[in-house]
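Working notes, beginning with the structure itself.
Residue numbers (my numbering): 10 to 145.
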């Protein structure tokens, strides 16, 4: 059972995990033991609320395929169990981040005093640079 929030959780049957051989260097162990985890999670077939599904499918993330399947590969640890926990943590984090609604940006204008300060600073800087010139 993967807990996303206090109300939302995913059962283990919805998350497909396979142990695969890790890439890269790792000594003799890397060729014998399947320590990396390949996690697949189908968004459309899941028990997530519709709000979460829509937000996840709207995300522009390389881990989400066109079919609506989240694919996560965890291989940073030498132990299969640690990689399994890391993959599940990444999945939970992705779902939590998708649920966060950003505040709408309201366009603002710089105040008159801030505009005047900026122009004064520009003028001062220009005078300093002008004084660096040749002395007559």
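From the three backbone atoms N, C-alpha and C, an ideal C-beta is built for every residue, glycine too.
With a threshold of 16 other CB atoms inside 10 Å of the CB of residue i, please say whether the residue is buried or exposed.
i	result
residue 208	The shown model of the chain, from 10 to 145, leaves out residue 208, and the question about it has no answer.
residue 132	exposed
residue 102	exposed
residue 44	buried
residue 140	exposed
residue 137	exposed
Relative to the C-alpha of residue i, which candidate in the options has its C-alpha closest?
i	options	result
residue 25	55, 17 and 16	55
residue 98	70, 69, 82 and 32	82
residue 52	68, 94, 43 and 42	68
residue 91	12, 28, 16 and 17	28
residue 14	121, 143, 129 and 100	100
Would you give the residue range spanned by the beta strand (DSSP E) that residue i belongs to?
i	result
residue 27	24 to 29
With respect to the alpha helix (DSSP H) encompassing residue i, which residues constitute its N-terminal and C-terminal limits?
i	result
residue 107	89 to 108
residue 82	That residue, residue 82, is in no alpha helix (DSSP H); its beta strand (DSSP E) goes 78 to 83.
residue 49	No alpha helix (DSSP H) holds residue 49; the beta strand (DSSP E) holding it covers 45 to 51.
residue 67	59 to 67
residue 124	121 to 139
For residue i and residue j, which I take to be in contact (beta-carbon distance under 8 Å), what is that distance rounded to the nearest angstrom?
i	j	result
residue 72	residue 107	Not a contact, Cβ separation roughly 12 Å.
residue 49	residue 78	6 Å
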